[in-house]
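Have a look at this one:
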């Protein structure tokens, strides 16, 4: 079946959050992104060139594939150079596994704005076995096309939830709560648990004051050597990688 104008308009509109919410779906572009995700989300449709299908498709997808030419793919794409395939998936229901949250390490993001940073942190979570990321309501939408692309398929295995962070910490007040601060305790000399919450703040402003007041365990990633002029701060994705790596290193030491 060839793609219709209505489908072209639908797929193109998914570049905006309001249409993703209204339609209850999002798009993934490119061969790797699509092949890494199509077994994990309910697929509404796949739009692809005939050449792409002949190389990568199979009969199991025939019922959902629509064919498009290069010009039509460009009209639907959110990128300057269109891929040869775009998949449209249903946005899954937001379900929280309470036991999973209580027995594992969880990442919390306080107003992260850059899609690339969110995508990178999702990849970090996937690498280190973290299943849940909790985001403030003002954090960039996880189904933004740049976020999806940056996760490199990790979005399939990491659940991202949006909520009021103060309510979250109140509900799980019995779990340890950590955050990164410039006046925190040296992370390399800290004993770190295998469960709880680790908070990372906005790219420019850090962790917001109200959230910061609730964090009893303040951590610092020290520069080296101390006392020498260096960069003002670390990118939040880099900080997340260093911090979560140190939490996991503590797990190996305890074994």
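Residue numbers (the numbering used here): 400 to 654.
Every residue gets a Cβ at the ideal spot worked out from N, C-alpha and C, and that includes glycine.
Because the structure is a prediction, the values reported are computed rather than measured.
Buried or exposed for residue i, please, with buried defined as at least 16 other CB atoms from any protein chain shown within 10 angstroms of its CB.
i: residue 595; result: buried
i: residue 471; result: buried
i: residue 603; result: exposed
i: residue 476; result: buried
i: residue 577; result: buried
i: residue 651; result: exposed
i: residue 608; result: exposed
i: residue 491; result: exposed
i: residue 497; result: exposed
Taking the continuous beta strand (DSSP E) assigned at residue i, which residues delimit it?
i: residue 616; result: 616-619
i: residue 428; result: 424-428
i: residue 596; result: 595-599
i: residue 443; result: 442-447
i: residue 553; result: Run containing residue 553: none; DSSP gives neither H nor E here.
Taking Cβ to Cβ, would you say residue i is nearer than 8 Å to residue j?
i: residue 441; j: residue 489; result: yes
i: residue 629; j: residue 579; result: no
i: residue 538; j: residue 511; result: yes
i: residue 503; j: residue 523; result: no
i: residue 520; j: residue 560; result: no
i: residue 597; j: residue 507; result: yes
i: residue 403; j: residue 484; result: no
Suppose the cutoff is 7 Å on Cβ atoms and the five residues either side in sequence are ignored; what does the same chain contact list for residue i look like?
i: residue 439; result: 555
i: residue 474; result: 407, 411
Which first and last residues belong to the alpha helix (DSSP H) in which residue i is found?
i: residue 545; result: 544-550
i: residue 475; result: 469-475
i: residue 566; result: 564-570
i: residue 525; result: 514-526
Can you list, in chain order, the residues of its chain whose CB lies under 6 Å from that of residue i, leaving out five sequence neighbours each side?
i: residue 567; result: 533
i: residue 546; result: 514, 517, 518
i: residue 541; result: 559
i: residue 481; result: 472, 473
i: residue 400; result: 465
Beta-carbon within less than 8 Å of residue i's beta-carbon, same chain only, minus the 5 sequence neighbours each way: which residues are those?
i: residue 606; result: 509, 578, 579, 580, 598, 599, 600, 614
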